[in-house]
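Numbered per our numbering, the sequence shown spans residues 1 to 379.
For each residue, glycine too, the CB sits at the ideal point set by N, CA and C.
Please read all numbers here as calculations on a predicted model, not as lab measurements.
One structure is given below, encoded as structure tokens.
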Amino acid sequence: MKKLFQALGWVFLFIITALGVTFVTLWLLMYMFCNGPSESAKKTFVATMLETGGMKFVVSWYMTDDEVMAIMNEGIASAAPVSEKSADTDASLVNMNENGSVSGNSGDGMVDSSIPEALRDAYAQDTDGDGLILVPVTSHTFSGGLLVIKDPSRISLSSSYPWSDETRNKDGLTVGEHCEQSSAVAGINAGEYVTSGTNWGGMPVGVVVENGEILYNGPSYGDVMVGFNSDHVLILTDVGGMSASTFESYVKENNITDAASFKDVAGGNINHFTKLIVNGEAVELGGKGVGANPRTALGQCADGTVLFLCTDGRGTGGHLGATGQDLINIMLQYGAVNAANLDGGSSSSLYYEGEYAITSTHMRYADTSRKVPTAFVVK
């Protein structure tokens, strides 16, 4: 019996020592990021942490509030003027066929030279003719999938409405469950929601519109609506300064059918961005989006084609994640004239044909996603 207790003691000591070494190593590694010679590494680390839902506090272990603000303000000062970033979406830049879909050619068998080469190559992979093409995207810091959807009329928003109350009496749905309830073949997570530290996802933040009906109307500072109108054109609109009644009027006047929202604001312990490309012009993100994280983005090309983009990160496959500029580069490569960053991090998931092409970093070994209140789906 004495030998058994001695053995257990050695095992316990080994476990405690291993945990201690791991903690010290991680602490020193993060200290080097914040206080080492590389200013670029410091900015990336700070931005990455501030984009998370539950790890913002880590930065305060190594840096004062003034130091964090100095880094963020430096980026904000270099960003594009607010007036430029807030430009309304020009719906006339999207021109579809009469049936609301795209073909990828000029109508006489000739390739349309106005369509970017990357998008033409994707069209060529549509061998089964279903109008959906999943294209792998890779980089040294992330991997992911770009779902090309030729017919924008197939896009809609799925929600877990009626929402949970503050007692969390109702969970959100996984992206796969959103697809199942909508009889959809593909989907990505959509708007922001109340985080709780648990896999709940039952209450949205900002605004939600489904099938023309406003299901959540609480715009607040920094909110950007990302959605589609009745002509199936992607619309990006700043709604943070709107009252509930103003937003209701906006939805009605602009025939918004399906939409969610995400924050576009940086300052203090917040570093979020939404607009990537507006009216064919890339947005200058400045200090926003320089962190590397899992991402979800939505874009639309001039011919109406919709792009669902989802990338991994936070250690999955050895990857840190994608930056905002990475998303912009991919969207531009495929010809997006408007594009937006959606809720990312552990929420980022892409579901396609009955399985997850990209799963949540919290569920990386399971074929599922986090529970979320909204998802953009393809029927």
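Straight-line gap, S220 to F247 (C-alpha atoms, nearest Å): Counting from one through the sequence shown, the residue named residue 220 turns up at place 220. Counting from one through the sequence shown, the residue named residue 247 turns up at place 247. C-alpha separation (whole angstroms): 11 angstroms.
Sequence-distant residues of the same chain with beta carbon closer than 6 angstroms to V175, five excluded per side: Residue numbering aside, residue 175 sits at position 175 when the sequence shown is read from its first letter. Answer for V175: G187, N189, S349, Y351, S369, A375, listed in chain order.
Separation of I16 from N217, as counted between CA atoms: Counted from its first residue, the sequence shown places residue 217 at position 217. Counted from its first residue, the sequence shown places residue 16 at position 16. Cα-Cα distance, rounded: 50 angstroms.
8 angstroms Cβ cutoff met for C310 and L119: Residue numbering aside, residue 310 sits at position 310 when the sequence shown is read from its first letter. Residue numbering aside, residue 119 sits at position 119 when the sequence shown is read from its first letter. Going by C-beta atoms, C310 is not nearer than 8 angstroms to L119.
Stretch-stretch touch, CB-based, cutoff 8 angstroms, three pairs: the segment 236-252 with the segment 199-211: yes
Same chain only: Cβ atoms within 6 angstroms of G380, ignoring 5 sequence neighbours per side: Missing from the structure shown is residue 380; the chain here goes from 1 to 379 and no further.
Rounded separation between E213 and K252 - CA only: As a first step, residue 213 must be located in the sequence shown, where it is residue number 213. As a first step, residue 252 must be located in the sequence shown, where it is residue number 252. When rounded, the distance between both Cα atoms is 9 angstroms.
Sequence-distant residues of its chain with Cβ nearer than 6 angstroms to G324 (five each side left out): Working through the sequence shown from its first residue, we reach residue 324 at position 324. The answer, listed in chain order, is F273, L285, G289.
Cα-Cα separation between K85 and A282, rounded to whole angstroms: On the sequence shown, position 85 is the one that residue 85 refers to. On the sequence shown, position 282 is the one that residue 282 refers to. Here K85 scores only 44 on pLDDT, less than 50, and its place in the model should not be relied on; the value that follows carries that caveat. Their backbone Cα atoms lie some 9 angstroms apart in a straight line.
K170 to A260 span [Cα, whole Å]: Residue 170 sits at position 170 when you count from the first residue of the sequence shown. Residue 260 sits at position 260 when you count from the first residue of the sequence shown. Cα-Cα distance, rounded: 20 angstroms.
Alpha-carbon to alpha-carbon, S346 and L320: Here the question's residue 320 lines up with position 320 in the sequence shown. Here the question's residue 346 lines up with position 346 in the sequence shown. Cα to Cα, L320 sits roughly 13 angstroms from S346.
Cβ pair L132, V185 closer than 8 angstroms: Working through the sequence shown from its first residue, we reach residue 132 at position 132. Working through the sequence shown from its first residue, we reach residue 185 at position 185. Against a cut-off of 8 angstroms, the Cβ pair of V185 and L132 comes out as a contact.
Best match in N255, D130, S183, L276 for proximity to L298 [C-alpha to C-alpha]: Stepping through the sequence shown from its first residue, residue 298 is reached at position 298. L298 has its Cα closest to that of L276, out of N255, D130, S183, L276.
Start and end residues, alpha helix (DSSP H) containing G176: By one-based count along the sequence shown, residue 176 stands at place 176. That run of the alpha helix (DSSP H) goes 175-182.
Which listed residue (D130, N95, G191, A91) has its alpha carbon closest to that of V372: Working through the sequence shown from its first residue, we reach residue 372 at position 372. For V372, the nearest C-alpha among the options comes from G191.
Distance, S249 Cα to V378 Cα: By one-based count along the sequence shown, residue 378 stands at place 378. By one-based count along the sequence shown, residue 249 stands at place 249. Between V378 and S249, the C-alpha separation is close to 27 angstroms.
From G145, K150, S114, M203, residue whose alpha carbon lies closest to that of F313: Taking the sequence shown and counting its residues from 1, the one referred to as residue 313 is at position 313. Position check: residue 313 holds Gly in this sequence, whereas Phe was assumed. Here the closest residue by C-alpha is G145.
Contact belief for G304 with P116 at Cβ below 8 angstroms, rounded distance in angstroms: The residue labelled residue 304 in the question sits at position 304 within the sequence shown. The residue labelled residue 116 in the question sits at position 116 within the sequence shown. Going by Cβ atoms, the distance from G304 to P116 rounds to 14 angstroms, so no, they are not a contact pair.
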